[in-house]
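Numbers 41 to 278, taken from this note's numbering, label the letters of the sequence shown in order.
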Amino acid sequence: MVKEWLVKGFPSFHDRNSPPDKKARNLSGNLFTLTGDRWHTVRTKLAPAFSSAKLKVMYQTLKGCASDVNAHLQGLCSAKGEVEIDIKDLVSRYAMDVIGACALGIQCNAIKDPENCQMRKAVQQIFRINWRFSLQILLSAIHPKLALLFSLSRGTTEVTKFLTSVTKEAMDVKKKAGSSRKDFLQIMMSAGDTEIEKRKLKSTEDEDFVFTENVITSMIGLFLSAGLDPVATTGTIC
């Protein structure tokens, strides 16, 4: 039954949300909100990012982040002997470093320097439930277009600005360095470059770009919000 609903009958169940504003910069251009051909294009291009081959490439990155955690724990224990550790906070910071490295190709230093980690501050805002978020969920449940009518979104202005800034900075660094590292961001940048080349060959501007800066930033935000707390919770329990 699940296979029937989620695989064979999937075309009948997607596009239940109102399509996001293509010009808006509110992190709404992710797989949960995109519709139609734009959703399909993004989904198809990003699927290879999670293949076994890509995960093997990321292994060394994961190993480096794990080494930082081990060094941090050894430092705590050698300095203080027996010490109480907030395991969920530790795993969250580790996951943050992994996501920063694998998704953006940057060092967050959440383990080494948590107080000055800007990513950590943004994550705290992402998972903070406020009245805007609660109202958005309520209005969306009543009618999908109501939240758009009142310009409500889950992300705060500070989170949107931070993710936009850090994503743009990472993209600029990759372009200047000519990076070929196949992380999550590079895959989306390559897809965007392909769109530009196709438009040049066709000499037409009839089709809108799918991998816009807003879509790329939104997907990074989704990667962060969906990949952090579940990992931290699972790691804490285990």
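Ideal Cβ placement from N, Cα and C applies to all residues, glycine included. Just so it is clear, the structure is predicted and the values come from calculations on it, not from any experiment.
Residue i vs residue j beta-carbon contact at 8 Å
{"i": "Gly145", "j": "Lys214", "result": "yes"}
{"i": "Met228", "j": "Phe263", "result": "no"}
{"i": "Asn70", "j": "Gly261", "result": "yes"}
{"i": "Leu203", "j": "Leu86", "result": "no"}
{"i": "Met136", "j": "Arg168", "result": "no"}
Reduced DSSP category for residue i - H, G, I as helix; E, B as strand; rest coil
{"i": "His25", "result": "Given a span of 41 to 278 for the chain in the structure shown, any question on residue 25 remains unanswerable."}
{"i": "Phe251", "result": "coil"}
{"i": "Gln100", "result": "helix"}
{"i": "Leu130", "result": "helix"}
{"i": "Gln147", "result": "coil"}
{"i": "Glu124", "result": "coil"}
{"i": "Asp212", "result": "helix"}
{"i": "Phe173", "result": "helix"}
{"i": "Ser92", "result": "helix"}
{"i": "Asn110", "result": "helix"}
{"i": "Phe263", "result": "helix"}
heavy atom of the ligand HEM below 7 Å from residue i C-beta
{"i": "Thr81", "result": "Ligands are entirely absent from the displayed structure, and the ligand HEM is therefore not among its contents."}
Whole-angstrom C-beta distance between residue j and residue i, which should lie under 8 Å
{"i": "Cys105", "j": "Ala141", "result": "6 Å"}
{"i": "Asp223", "j": "Ala150", "result": "The pair is not a contact, with the Cβ atoms about 17 Å apart (cut-off 8 Å)."}
{"i": "Glu253", "j": "Lys208", "result": "7 Å"}
{"i": "Val199", "j": "Gln165", "result": "5 Å"}
Nearest-angstrom Cα separation, counted from residue j out to residue i
{"i": "Ala119", "j": "Thr84", "result": "49 Å"}
{"i": "Ala93", "j": "Leu186", "result": "42 Å"}
{"i": "Cys218", "j": "Asp212", "result": "Residue identity differs from the one stated: residue 218 is Gly in this sequence, not Cys. When rounded, the distance between both Cα atoms is 10 Å."}
{"i": "Thr7", "j": "Lys152", "result": "With the chain represented from 41 up to 278, any question about residue 7 goes unanswered, as that position is not in the structure."}
{"i": "Ile177", "j": "His183", "result": "10 Å"}
{"i": "Trp45", "j": "Lys201", "result": "37 Å"}
{"i": "Gly76", "j": "Ser180", "result": "19 Å"}
{"i": "Cys157", "j": "Cys148", "result": "6 Å"}
{"i": "Thr197", "j": "Val255", "result": "16 Å"}
{"i": "Ala272", "j": "Val82", "result": "27 Å"}
{"i": "Ile125", "j": "Val206", "result": "30 Å"}
{"i": "Trp79", "j": "Leu113", "result": "42 Å"}
{"i": "Gln226", "j": "Pro270", "result": "24 Å"}
- Item | Stretch pair the segment 130-140 + the segment 99-119: three plus CB contacts closer than 8 Å | Touching, per the Cβ criterion.
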